[in-house]
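Using UniProt numbering, you'd call the opening residue of the sequence shown number 1 and step up by one each time. Ideal Cβ positions, reconstructed from N, Cα and C, are used throughout, including at glycine. Given the structure is predicted, the values throughout are model-derived calculations rather than measurements.
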Amino acid sequence: MYNRSLVRTKFQHKPWLAYDREFNRISWFIRSAGKVKTRLPLHVIVGPERDLSKERKLIQEGHRHKVNVSVTEGPFVVPPLWANRYHRLTFGKIGALALTQFDKVFVFDNDMALAHNIDHLAFVQTPSAVWHTSMARWQWRHNESCAVTTGLLGLTPSAAEFGRALRHLYSMSNKSTYDGGDQEFWRLFYTWYELPLRYQAHQALNMPARDWHEIRVIHSISALREVNRIPKDMRHLIKYYY
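Below, the structure is given as structure tokens:
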């Protein structure tokens, strides 16, 4: 989802570059989905500001790679007062609970790619997410040796749950005590079903090569690009856009 008033500081004078970056990330995800021959439909969630010509290009990208891509407008979730300026748009993921035309949804960050087919996720329990070893001071401050991550979320949409989520979000403290992003919300809102690490691994995780080759979803986190522990034969799955 795109809102020019919420782009990062470096894009403030050229906000369209922020849109283009996310467009390129989504295109990369679509291409990876085609390579693993997914049969699941991909819905690109847009709004409140839209570029219809770019949206058509994403649908065409899906056709080229034999992926069923469509564009769906979702509700815009106003970030809370305590939101970190780098994570303000992450709260848009809460809007997935309002997509009641679907029985179940899996929400991906834009900067991800599929290494192997994940169609069987359609049958897993929700709400579901992947845990990672804690790497940040706000996690250690909460005595978390590992923590829920929100790059991939399995959710069951419900109008009642969406309303409850908004009430919870705006009743939270006016001061951030965690990452200032959507993880601060989600970690308290649900008790999560834990998905195996292979469904959302980032490049800084310290794993043996044999475990890396079982990874199904790669999260290309730009902030961790200097710490790349992915085996060389898998690095073609990583692509950064700035």
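- Between Ala113 and Trp28 a beta carbon distance of about 6 Å is seen, short of the 8 Å cut, so the two are scored as contacting.
- DSSP places Tyr2 in the strand class (E or B) of the three-state scheme.
- Our two residues, Val124 and His13, have alpha carbons roughly 43 Å apart in a direct line.
- Residue state for Phe29 is assigned as helix, using DSSP reduced to three classes.
- Judged by DSSP secondary structure, Leu97 falls outside any alpha helix (DSSP H); it is assigned neither H nor E.
- Here DSSP, grouped into helix, strand and coil, assigns Ile215 to coil.
- Taking a cut-off of 8 Å on C-beta distances, the segment 118-135 does not touch the segment 69-83, as fewer than three cross pairs fall below it.
- For Phe189, the enclosing alpha helix (DSSP H) begins and ends at Asp182 to Phe189.
- As summarised for the segment 31-113, the continuous alpha helix (DSSP H) elements at least 4 residues long and confined to that stretch are 52-64, given in chain order.
- Judged by DSSP secondary structure, Tyr193 falls within the beta strand (DSSP E) whose first and last residues are Tyr193 to Leu195.
- Around the Cβ of Arg225, a 10 Å sphere holds fewer than 16 other Cβ atoms; the residue is exposed.
- The alpha carbon of Lys54 has as its nearest neighbour, out of Tyr2, Ile94 and Phe11, the alpha carbon of Tyr2.
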